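According to numbering that gives the first Met the number 0, the sequence shown is numbered sequentially starting from 0.
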Amino acid sequence: MELPKLNFQETFDFKFKKDKDKFFIYDLVRKTYLLLTPEEWVRQHWIHYYLTVKAYSVSALITEKKIILNGLTKRVDLLITEKTEPVILIECKAPHIKLTEKTFEQTARYNSIIGAKEIILTNGLQHINAYYENGQYQFYKPE
C-alpha cells in the first residue's frame, strides 16, 4: 500500500497488518487494529505525535468521541485532554481533501460542543491551528 509522506518532522513506528487485500494499522489508544484509510493514516500520526513527542499518556487521548450537534450524532476525530478537561480538538481529513473555510467551520461547530482551548484542522499535509479566545478563533503557526 502506497501511503503519502505527511508533514511531520518525526517518523513514527507504526504497526501494520494485512488481511486478505485490506491493510490495518494498530491504534495505541483503542489497542486494536483499524482499517487503514487515508483519514486514519492522518489520525494515527497525530496520536503518535502526542504520545511520543508531547509525552501525553494514552488516557489523555480520546478518539471518535460522540457529540450531539443540532440533534445529529457526530464524532470528533481526536481530543487531547489534561486532567479530563478538553484542551485540543483535532479534526482529521484525508490528505487529498482541501482544507477550506467550510471544513474549519465544521471543526469550530464541533468545538462549540467540546469547548477545547485550541483546535487543529489537518489533512496531514497542511495543519491549521487556532486558539479560541474572547469568543473568536486566533490562527497561529506552531513553532
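Cβ atoms here follow ideal geometry from the backbone N, Cα and C, with glycine treated the same way.
Predicted, not measured: the structure shown is a model, and the values here were computed from it.
- One thing to note: L27 has its Cβ no nearer than 7 Å to the Cβ of G123.
- Look at I79 here: in three-state DSSP terms it is strand.
- Under the three-pair Cβ rule at 8 Å, the segment 104-112 does not count as touching the segment 34-54.
- Taken in chain order, the unbroken stretches of beta strand (DSSP E) that lie wholly in the segment 68-132 and span 3 residues or more are 71-81, 84-91, 117-121 and 126-132.
- By the Cβ criterion, the segment 53-68 is not in contact with the segment 12-25, since fewer than three pairs of Cβ atoms, one from each stretch, lie closer than 8 Å.
- The three-state secondary structure of E9, taken from DSSP, is coil.
- Between E117 and I89, the gap from beta carbon to beta carbon reaches 7 Å or more.
- The bridge partners DSSP lists for Y136 are Y131.
- By the neighbour-count criterion, in which a residue is buried when 16 or more other Cβ atoms sit within 10 angstroms of its Cβ, E142 is exposed.
- Here K16 is bridged, per DSSP, to F23.
- Per DSSP, the beta-bridge partners of Y32 are Y25.
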